[in-house]
Amino acid sequence: MEHEYQYILFDLDGTLTDSGPGIMNGFVYAIQQMGGQVVDRSQLRKFVGPPLKVSFGDILGYSEEDTDRAIALYRDYYNNMGGVLENSVYPGIVELLSDLKSEGKKLIVATSKSAIGTDTVLKHFDLKKFFDFVATADDKERPHKSDVIRYALEQCEITDSTHVVMVGDRENDILAANEVGIDSIGVLYGYGDREELTSAGATYLAEHPSDVKKLVPAGNSCSAGISRHGHRNYDC
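Here the sequence shown stands for residues 1281 to 1516, numbered as in this note's numbering.
Here is the structure:
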């Protein structure tokens, strides 16, 4: 039986805003300050979205001590040297949020970003007004995306997971949604591609922000332009 999504959780980086330039510049700065070099900047795209501990520790292989130092350097650039505003809102996002809000949907930010960076971005781009709650990561209490989602559900007293969907652009968004037990929409205009999102188990795929809105009212994939598990469906 189809169900209506009433609570829409949105990732921030790569989903609401194209924060790639600032994030990648932050990684360049941190890596160089740590004594390393960035030969191919395109390789930094994979760091847009995942938690910083994962990027520096698991992917770059830094020790725990060096990871903490690199994160501090990154945040210094990002929060204090302008990186957070090397950013832009994706076309169609304001319209999407406005339409969902007018339909009575409860909108929630669920991001691996820090509270400071998240608040700065939402206020600067005048997006905060659309959201009923903002859930951010915390190095100690909420280090993983699944922790952030659980925190959002708990704080908003949401108990029926069938009415909740997570919208994000990377596999960590999708895997976290699966872990918590909610549906997910993987967006293809961000930093994750079709293969990544499909392999992670996205319930649906959306090519554009307008496609997200088509999925939300009834939670179906019968509208043109919407992909479910990597396949197009145009009829029910």
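Each residue gets a CB set at the ideal place from its N, CA and C atoms; glycine is no exception. Values in this document were obtained by computation on a predicted structure and should not be read as measured data.
Check	Outcome
Whole angstroms are fine: how far does the CA of residue 1390 sit from the CA of residue 1504?	Reliability fails at residue 1504, whose pLDDT of 35 lies under 50, so the model's placement of it is uncertain and the value that follows must be treated cautiously. The alpha-carbon atoms of residue 1504 and residue 1390 are separated by roughly 28 Å.
In this structure, what does DSSP give as the bridge partners for residue 1297?	1293, 1369
Quick check on residue 1224: does DSSP put it in helix, strand or coil?	In the structure as shown, the chain starts at 1281 and stops at 1516, and residue 1224 therefore has no counterpart that could be examined.
What does DSSP give as the partner residue(s) for residue 1444 in the beta ladder?	1287
Distance, Cα to Cα, residue 1298 vs residue 1371?	10 Å
Enumerate in chain order the residues of its own chain whose CB-to-CB distance from residue 1470 is below 6 Å, with the five nearest sequence positions on each side excluded.	1294, 1295, 1449
Could you tell me the boundaries of the alpha helix (DSSP H) in which residue 1527 lies?	As displayed, the chain neither begins before 1281 nor continues past 1516, which places residue 1527 out of reach and without an answer.
With distances taken from CA atoms, which of 1346, 1397, 1329, 1323 is nearest residue 1359?	1397
Mapping DSSP to helix, strand and coil, what is residue 1477?	helix
Could you round the C-beta distance between residue 1463 and residue 1483 to whole angstroms and report it? I think they count as a contact, below 8 Å.	4 Å
Among residues of its own chain, excluding the 5 on either side of residue 1366, which ones have a beta-carbon nearer than 7 Å to its beta-carbon?	1301, 1302, 1305
Give the range of the beta strand (DSSP E) segment to which residue 1484 is assigned.	1484-1486
Suppose contacts are defined by Cβ-Cβ distances below 7 Å. Is residue 1392 in contact with residue 1489 by that definition?	no
Can you tell which of 1292, 1418, 1385, 1425 has the C-alpha that lies nearest to the C-alpha of residue 1493?	1385
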